[in-house]
Amino acid sequence: MYSHEAGFLHAQGRAPAWLEVPQDVNALLQPIWPGSAHKPPADSILRVGGLTVQEIAAQVGTPAYVLDEADFRGRAKAFADAFAEAFSPLEGAHVHYAAKALITVGIARWLAEDGLSVDVCSGGELEVVMRGGIPPQRITFHGSNKSDAELIQAMEVGVDLIAIDSLAEIARVAQVADEGDFRPNVMLRCSIGIEAHTHEFIATSHEDQKFGLSAADGSVEEGVRRVSSHPRLNLRGLHTHIGSQIFDARAFRQAVQRMADLTVSLEREHRVCFPELGLGGGFGVAYTTGHDPLEPAEIAARMAEHVEHEFKAERLAVPHVTVEPGRAIAGPAGITLYTVGTVKPVSLDGGFTRLYVSVDGGMSDNIRTALYGADYSATLASRRSSAPPRLARVVGKHCESGDIVVKDEYLPADIAAGDILAVPVTGAYCHSMSSNYNSVPRPPVVSVQDGLLTVLLRRETMTDLLARDLYA
Ligand SMILES: *Cc1c(COP(=O)(O)O)cnc(C)c1O
3 MYSHEAGFLH AQGRAPAWLE VPQDVNALLQ PIWPGSAHKP PADSILRVGG LTVQEIAAQV
63 GTPAYVLDEA DFRGRAKAFA DAFAEAFSPL EGAHVHYAAK ALITVGIARW LAEDGLSVDV
123 CSGGELEVVM RGGIPPQRIT FHGSNKSDAE LIQAMEVGVD LIAIDSLAEI ARVAQVADEG
183 DFRPNVMLRC SIGIEAHTHE FIATSHEDQK FGLSAADGSV EEGVRRVSSH PRLNLRGLHT
243 HIGSQIFDAR AFRQAVQRMA DLTVSLEREH RVCFPELGLG GGFGVAYTTG HDPLEPAEIA
303 ARMAEHVEHE FKAERLAVPH VTVEPGRAIA GPAGITLYTV GTVKPVSLDG GFTRLYVSVD
363 GGMSDNIRTA LYGADYSATL ASRRSSAPPR LARVVGKHCE SGDIVVKDEY LPADIAAGDI
423 LAVPVTGAYC HSMSSNYNSV PRPPVVSVQD GLLTVLLRRE TMTDLLARDL YA
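Here our numbering is used: the first residue of the sequence shown is 3, the next is one more, and so on.
Take a look at the structure:
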């Protein structure tokens, strides 16, 4: 057993409860790595998509976002197939990939080829997915504060659906439709008082958040009245999205229940009929071994059961359902490769020493740790180590003490400058939330498959950084 200066038990006390001391510090904890990732025991060098991390780094440098194409497309297909199958005895279900998790023109092409629909929530995301060949009939436009320009763009290209997020937006959508002679299909995003967390959920009658029309204060009912009375707006149904990184299946069941309750009162009062029900995304993924997500088949089967049960119990026609996974498709398919720079033991109170391992990226390429306190894990990817495990913290190169990539991980005690470190499950909400903090160019996004690397987005250059600076 490894001991540092202050004794092994001090280090143990600082590790979170879910983090176990690894038996073999070289081993990959398989459930959290993309399908093609493996480390042959002979050299313990990480391979993904048939390439070693050194081969990838030699082609595009580090830091780099690396997507396992087969894993991404396999997850998308698993969701599409699972929902198609589970809802086939009902009115069917369709999977929309939430583009905000990660989108490039190349990724949009995969989705186009594989028959998925896509959700966008800005004019920029709409442009990217259109260029990737997603037909407008397979696009839904979301967003809590769409500009008039975005509404015009969405109606001009002819997106299938616009999700209206407020009473105020109904008038704006109607005005754009009137002025351009458009007849958009719309649905109303409802806030139904479910706040879902990772391991529990609490239900309140009024949510203190910005999204959707409140079911509790009558805004949904008023929205139905206003949309129904407008000749150019075609009301296709109601939508809800109860949160993200949700593991608690009861939260989804309660969402279906509330949507059925809401539907029954609206259909009775207003003699409307909603052919469509949007149930959003939010399916949790395992960032570490501390998480235990459901498989798509199980999620789909349970949701079909809830929809059938709740709508039939209310004697309602069962609607066609859409779900919108983002994280659960993109997240586990991506890893980030970094090169280690400074390694610094820092003495803390109580005689504990924390090993700070600095990498060549940080909060500009992964803001989730700083923003949400998210947990990640990491592995030494470029060599085998015979050193014992040591509790470490992976940090970035930014001028901010909150610039943490991985709060706690056991890394080989001999981790050193020049080593390549890999962080799994960075496919979702890392590149899409990236920034140029400290004027650091953003990393490339590459896909790998069968020994071939494809650059989806190249690394930013100094020229890119200066491109908007009119004094440069
Ligand atoms: C963010 C979002 C999603 C995707 O959420 P994930 O947690 O990535 O699955 C789906 N639908 C809507 C409306 C969203 O805002």
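C-beta atoms are modelled at their ideal positions from N, C-alpha and C, and glycine is treated no differently.
These numbers were taken from a predicted model, which means no experiment stands behind them.
> Helix or strand or just coil, what does DSSP make of Y378?
Replying inline: One-based indexing of the sequence shown puts residue 378 at position 376. DSSP places Y378 in coil when its eight states are reduced to three.
>> Is the separation between the beta-carbon of I301 and that of P36 shorter than 9 Å?
In response: Along the sequence shown, read from residue 1 onward, the residue named residue 301 stands at position 299. Along the sequence shown, read from residue 1 onward, the residue named residue 36 stands at position 34. No, they are not a contact pair.
> When you compare only the Cα positions, how much space is there between G106 and G286?
Replying inline: Indexing the sequence shown from 1 puts residue 106 at position 104. Indexing the sequence shown from 1 puts residue 286 at position 284. For the record, residue 106 in the displayed sequence is Thr; it is not Gly. In this structure, the CA atom of T106 is about 23 Å from the CA atom of G286.
> Between the beta-carbon of N187 and the beta-carbon of D167, is there less than 9 Å?
Replying inline: Within the sequence shown, numbered from 1, the residue matching residue 187 stands at position 185. Within the sequence shown, numbered from 1, the residue matching residue 167 stands at position 165. Against a cut-off of 9 Å, the Cβ pair of D167 and N187 comes out as no contact.
>> Residues around ligand 1, please: the condition is that the C-beta lies closer than 5 Å to some non-hydrogen atom of it.
In response: A100, A103, H144, H243, S246, G282, G283, G284, E326, P327, G328 and R329
> Where L458 and D70 are concerned, what is the direct C-alpha to C-alpha distance, given to the nearest angstrom?
Replying inline: Stepping through the sequence shown from its first residue, residue 458 is reached at position 456. Stepping through the sequence shown from its first residue, residue 70 is reached at position 68. Going from the Cα of L458 to the Cα of D70 covers about 12 Å.
> In chain order, what residues of the same chain have a beta carbon less than 6 Å from the beta carbon of Q451, not counting five sequence neighbours either side?
Replying inline: Along the sequence shown, read from residue 1 onward, the residue named residue 451 stands at position 449. G51, E71 and A72.
> What three-state label does DSSP hand L11 in the structure shown?
Replying inline: On the sequence shown, position 9 is the one that residue 11 refers to. Its pLDDT being 41, under 50, L11 is placed unreliably by the model, and nothing is read from it.
> Pairing CB atoms from the region 355-371 with CB atoms from the region 54-71, are three or more of them under 8 Å?
Replying inline: With contact defined as three or more Cβ pairs closer than 8 Å, the region 355-371 and the region 54-71 are in contact.
> What is the DSSP secondary structure of T465, counted as helix, strand or coil?
Replying inline: Position 463 of the sequence shown, counted from the start, is the residue given in the question as residue 465. Reduced to three states, the DSSP call for T465 is helix.
>> Rounded to the nearest angstrom, what separates L467 and G94 at their Cα positions?
In response: If you number the sequence shown from 1, residue 467 lands on position 465. If you number the sequence shown from 1, residue 94 lands on position 92. If I take the Cα positions, the gap works out to 47 Å.
> Of all Cβ atoms in chain B, is any one closer than 9 Å to the Cβ of S349?
Replying inline: Any reference to chain B falls outside this structure, which holds one protein chain only.
> What number of angstroms, rounded off, separates the C-alpha of P391 from the C-alpha of A415?
Replying inline: One-based indexing of the sequence shown puts residue 391 at position 389. One-based indexing of the sequence shown puts residue 415 at position 413. If you take the alpha carbons of P391 and A415, they lie about 6 Å apart.
> What three-state label does DSSP hand Q177 in the structure shown?
Replying inline: Start at 1 with the first residue of the sequence shown, and residue 177 comes out as number 175. Note: Q177 maps to helix in three-state DSSP.
>> Cutting at 7 Å between CB atoms, please list the residues of its own chain near I244, excluding the five before and the five after it.
In response: As a first step, residue 244 must be located in the sequence shown, where it is residue number 242. I196, A198, A253, A257, G282 and G284.
> From the DSSP output, which residues share a beta bridge with P347?
Replying inline: The sequence position of residue 347 within the sequence shown is 345, counting from 1. Note: P347 sits in a beta bridge opposite L357.
>> Is the separation between the beta-carbon of S384 and that of V55 shorter than 9 Å?
In response: Translated into the one-based positions of the sequence shown, residue 384 becomes position 382. Translated into the one-based positions of the sequence shown, residue 55 becomes position 53. Their beta carbons are under 9 Å apart, which means S384 touches V55 by this criterion.
> Is the distance from the Cβ of L237 to the Cβ of S246 below 9 Å?
Replying inline: The count along the sequence shown starts at 1 and reaches residue 237 at position 235. The count along the sequence shown starts at 1 and reaches residue 246 at position 244. Contact: no.
> Less than 9 Å separating the beta-carbons of P426 and P334?
Replying inline: In the sequence shown, counting from the first residue as 1, residue 426 sits at position 424. In the sequence shown, counting from the first residue as 1, residue 334 sits at position 332. Going by C-beta atoms, P426 is nearer than 9 Å to P334.
> Hey, out of R234, A170 and I58, whose CA is closest to D183's CA?
Replying inline: Your numbering for residue 183 matches position 181 in the sequence shown. Nearest of R234, A170 and I58 to D183, Cα basis: R234.
> What is the DSSP secondary structure of M305, reduced to helix, strand or coil?
Replying inline: Counting from one through the sequence shown, the residue named residue 305 turns up at place 303. The three-state secondary structure of M305, taken from DSSP, is helix.
>> Using a Cβ-Cβ cutoff of less than 6 Å, which residues in the same chain neighbour T290 once the five nearest sequence positions on both sides are dropped?
In response: Your numbering for residue 290 matches position 288 in the sequence shown. So the qualifying residues of the chain are D377 and S379.
>> Quick check on this structure: which residue in I154, K102, K79 and Y439 has the alpha carbon closest to the alpha carbon of W112?
In response: For the purposes of this step, residue 112 is identified with residue 110 of the sequence shown, where counting begins at 1. Ranking the options by Cα distance to W112, first place goes to K79.
> Where do the ends of the alpha helix (DSSP H) carrying A44 lie?
Replying inline: To locate residue 44, count along the sequence shown from 1; it is residue 42. Segment: none, A44 is in no alpha helix (DSSP H) and carries neither H nor E.
> Buried or exposed: S216, going by 16 or more other Cβ atoms within 10 Å of its Cβ?
Replying inline: Against the sequence shown, residue 216 aligns to sequence position 214. Buried, because 16 or more other Cβ atoms sit within 10 Å of the Cβ of S216.
> Given that a residue counts as buried once 16 or more other Cβ atoms are within 10 Å of its Cβ, and exposed if not, what is E298?
Replying inline: Here residue 298 corresponds to residue number 296 of the sequence shown, with the count starting at 1. Contrary to the premise, residue 298 reads as Pro rather than Glu in this sequence. Burial call: buried.
> Roughly how many angstroms separate the alpha carbons of E202 and A330, rounded to a whole number?
Replying inline: Residue numbering aside, residue 202 sits at position 200 when the sequence shown is read from its first letter. Residue numbering aside, residue 330 sits at position 328 when the sequence shown is read from its first letter. Interpretation of E202 is limited by its pLDDT of 45, a score under 50 that renders its predicted location unreliable; no figure is taken from the coordinates.
> Name the DSSP bridge partner or partners of Y340?
Replying inline: For the purposes of this step, residue 340 is taken as the residue at position 338 of the sequence shown. For Y340, which the question treats as bridged, DSSP gives the partners L423.
> Just checking my contact of A17 with L30 at CB under 8 Å: how many whole Å lie between their CB atoms?
Replying inline: By 1-based counting over the sequence shown, the position of residue 17 is 15. By 1-based counting over the sequence shown, the position of residue 30 is 28. Contact annotation, A17 with L30: C-beta distance approximately 19 Å; criterion of less than 8 Å not satisfied.
>> Going residue by residue through the region 216-281, where are the continuous alpha helix (DSSP H) segments of at least 4 residues, counting only ones entirely within it?
In response: 221-230 and 251-272
> To the nearest angstrom, how far is it from the Cα of L118 to the Cα of Y431?
Replying inline: Counting from 1 along the sequence shown, the entry for residue 118 is found at position 116. Counting from 1 along the sequence shown, the entry for residue 431 is found at position 429. Computed Cα separation, rounded: 20 Å.
> Is D410 helix, strand or coil by DSSP?
Replying inline: Looking up residue 410 in the sequence shown gives position 408. In the structure shown, D410 sits in a strand (DSSP, three-state: E or B).
>> For the structure I just gave you, are there three or more beta carbon pairs, one from the region 340-356 and one from the region 301-315, closer than 8 Å?
In response: no
>> My output table needs one value for D150: the three-state DSSP class, helix, strand or coil.
In response: Position 148 of the sequence shown, counted from the start, is the residue given in the question as residue 150. Helix at D150.
>> In whole angstroms, give me the CA-to-CA distance for M464 and Y473.
In response: Residue 464 sits at position 462 when you count from the first residue of the sequence shown. Residue 473 sits at position 471 when you count from the first residue of the sequence shown. Each residue's Cα considered, the two are about 14 Å apart.
>> Quick test of your reading: L48 and A424, contact by CB under 8 Å. State the CB separation rounded to the nearest angstrom.
In response: Position 46 of the sequence shown holds residue 48. Position 422 of the sequence shown holds residue 424. Confirmed, about 5 Å.
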